[in-house]
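With this note's numbering applied, the sequence shown covers 71 to 320.
For every residue, glycine included, the Cβ atom is placed at its ideal position computed from N, Cα and C.
Note that this is a predicted model, so its numbers are computed, not measured.
Worksheet: the structure to be examined is printed underneath.
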Amino acid sequence: IFFGLKNSHCFGKEVILSLFFEYIIMNKIVTNYKKILSEIDYYRNKFELPIDQPNLIAVSKTFAKDKIQILIDEGHLIFGENKVQEANLKWSQLRNENKQKKIELHLIGPLQSNKVNLAMETFDVIQTLDREKIAIKIKNYMEKKKNLIKKRFFVQVNVGAETQKNGIEISKTQTFVDWCKNDLSLNIEGLMCIPPYGEESQKYFKEIKNLCELLKLSEASMGMSNDYGDAIKNKATYIRIGTGIFGSRA
Numbered sequence: 071i072f073f074g075l076k077n078s079h080c081f082g083k084e085v086i087l088s089l090f091f092e093y094i095i096m097n098k099i100v101t102n103y104k105k106i107l108s109e110i111d112y113y114r115n116k117f118e119l120p121i122d123q124p125n126l127i128a129v130s131k132t133f134a135k136d137k138i139q140i141l142i143d144e145g146h147l148i149f150g151e152n153k154v155q156e157a158n159l160k161w162s163q164l165r166n167e168n169k170q171k172k173i174e175l176h177l178i179g180p181l182q183s184n185k186v187n188l189a190m191e192t193f194d195v196i197q198t199l200d201r202e203k204i205a206i207k208i209k210n211y212m213e214k215k216k217n218l219i220k221k222r223f224f225v226q227v228n229v230g231a232e233t234q235k236n237g238i239e240i241s242k243t244q245t246f247v248d249w250c251k252n253d254l255s256l257n258i259e260g261l262m263c264i265p266p267y268g269e270e271s272q273k274y275f276k277e278i279k280n281l282c283e284l285l286k287l288s289e290a291s292m293g294m295s296n297d298y299g300d301a302i303k304n305k306a307t308y309i310r311i312g313t314g315i316f317g318s319r320a
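This is the structure:
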């Protein structure tokens, strides 16, 4: 980029400006990422948490491959996507280009029944399991594959009892988790939640923490760019950050 700037007579002005702005964006993503890591370290020490807690999920939905590759080159390997088809297209290419790296991809958006097979082919962890219909389709898919694939699952809990949000009711969570584990033999590792917008998140994070302890689940996925400090305080094992790393979505 700087070679191009110094030799601007070799390139058009539009090309130079494009390269310059691309460099600024790339540098900003790395800066944001390192800042988040530093803040996670601060909270980890403050709350005396294990060195491997929490894991950072870089939420890469809607962002192009070149922006994601910046983080992969920095050594980050855990990512989250909301849409199954978008993720399948994007990550089949990214994984092919990074074959030596063990990328871990999480589905953090709603899962429709007609997308179950594609989701199972695409994601390592599905965090939004919340319906019997979806759980049965997953079980059927795994039986067809003769258990040759190992997947991890979180149950999404609708902590705010919001009609517009996905997730199982808190009162039904234990029954659903037990059924998934015992009747379907699904590997349910934890719970995931999205607190109501505009409300204090901490009380909801505490509910999830207590529920995980009650159900003897080891993982809790909670906390995003605006509230991950409170999530870490309540022993989140995964936090999901998108705009805090990649910037605003178009």
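Pick from the options that is closest to residue i, judged by C-alpha positions
i	options	result
residue 231	299, 111 and 241	241
residue 228	295, 215, 206 and 243	243
residue 303	96, 129, 161 and 110	110
residue 275	254, 135 and 309	309
residue 361	238, 314, 247 and 269	This structure cannot settle anything about residue 361, because the visible part of the chain is limited to 71 through 320.
residue 269	112, 205 and 297	297
residue 104	126, 175 and 215	126
residue 255	237, 209, 294 and 289	209
Continuous alpha helix (DSSP H) stretch holding residue i: start and end
i	result
residue 267	Careful: residue 267 lies outside any alpha helix (DSSP H) and carries neither H nor E.
residue 241	240 to 252
residue 155	154 to 167
residue 231	Neither: residue 231 is in no alpha helix (DSSP H) and is coded neither H nor E.
residue 188	186 to 192
residue 260	Not the alpha helix (DSSP H): residue 260 falls in the beta strand (DSSP E), residues 258 to 263.
residue 302	298 to 303
Contacting residues, own chain, Cβ-Cβ under 8 Å from residue i (five flanking each side not counted)
i	result
residue 142	164, 168, 171 and 173
Cutoff 6 Å; reference residue i; Cβ partners in own chain excluding five residues on either side
i	result
residue 157	151 and 192
residue 322	An answer regarding residue 322 cannot be provided, because it is not within the stretch 71 to 320 covered by the chain.
residue 291	197, 224, 262 and 308
residue 305	279
residue 97	none
residue 188	154 and 158
residue 299	113
Buried or exposed (CB count within 10 angstroms, at least 16 for buried), residue i
i	result
residue 117	exposed
residue 301	buried
residue 234	exposed
residue 207	buried
residue 145	exposed
residue 71	Because residue 71 carries a pLDDT of 44, less than 50, the predicted location of this residue cannot be relied on, and no value is offered for it.
residue 155	exposed
residue 140	buried
residue 214	exposed
residue 128	buried
Host beta strand (DSSP E) of residue i (start-end)
i	result
residue 309	308 to 311
residue 150	148 to 151
Proximity test, residue i beta-carbon vs the ligand SAM heavy atom, cut-off 6 Å
i	result
residue 103	Although the ligand SAM was asked about, the structure shown includes no ligands whatsoever.
Nonlocal neighbours in the same chain, by C-beta distance under 7 Å from residue i, ignoring five residues either side
i	result
residue 204	181, 183 and 186
Taking only runs of the alpha helix (DSSP H) that begin and end inside the stretch 113 to 146, which ones reach a length of at least 4 residues, in chain order?
-> 135 to 143
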